[in-house]
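K.L.:
Right, I'll just put the structure down here and ask away after.
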Amino acid sequence: MWKSGHSLMKAKMRETGALLGGEFSGHVFFQGRWYGFDDALYAAARLLEVLRVRVAHAGRAVRRPAEQPATPELHVD
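What follows is the structure in structure tokens.
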């Protein structure tokens with residue numbers, strides 16, 4: 261989970277070697293092939309593929325993320 265913004269996410273994923281990343285805005289990013297899919301079916305299919313290829317048991321891949329502060333969305337009238 262990282263700041264919103266395509267270039268910010270790509271840089272953070274490169275820095276950390278993440279296979280999967282998400283913006284606070286809800287967009288999903290995958291390492292490899294392409295970056296930045298906001299399509300739920302594609303995201304689910306890619307996540308299942310990554311788990312199948314990289315992890316023998318899905319439960320081992322899931323851990324509680326570290327608490328990260330986030331500011332609420334601001335709307336200016």
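Using the numbering used here, you'd call the opening residue of the sequence shown number 261 and step up by one each time.
For glycine and all other residues, C-beta sits at the position ideal for the given N, C-alpha and C.
Since the structure is predicted, the reported quantities are computational estimates derived from the model, not experimental observations.
#1: Do you know how far the Cα of R324 is from the Cα of G265?
#2: How big is the Cα-Cα spacing for R312 and D337?
#3: From G282 to W262, what distance separates their C-alpha atoms?
#4: Considering only DSSP beta bridges, list what L280 is partnered with.
P.N.:
This is what the structure holds:
#1: Our two residues, G265 and R324, have alpha carbons roughly 23 angstroms apart in a direct line.
#2: Each residue's Cα considered, the two are about 47 angstroms apart.
#3: Each residue's alpha carbon lies about 6 angstroms from the other.
#4: According to DSSP, which records beta bridges pairwise, L280 is partnered with F290.
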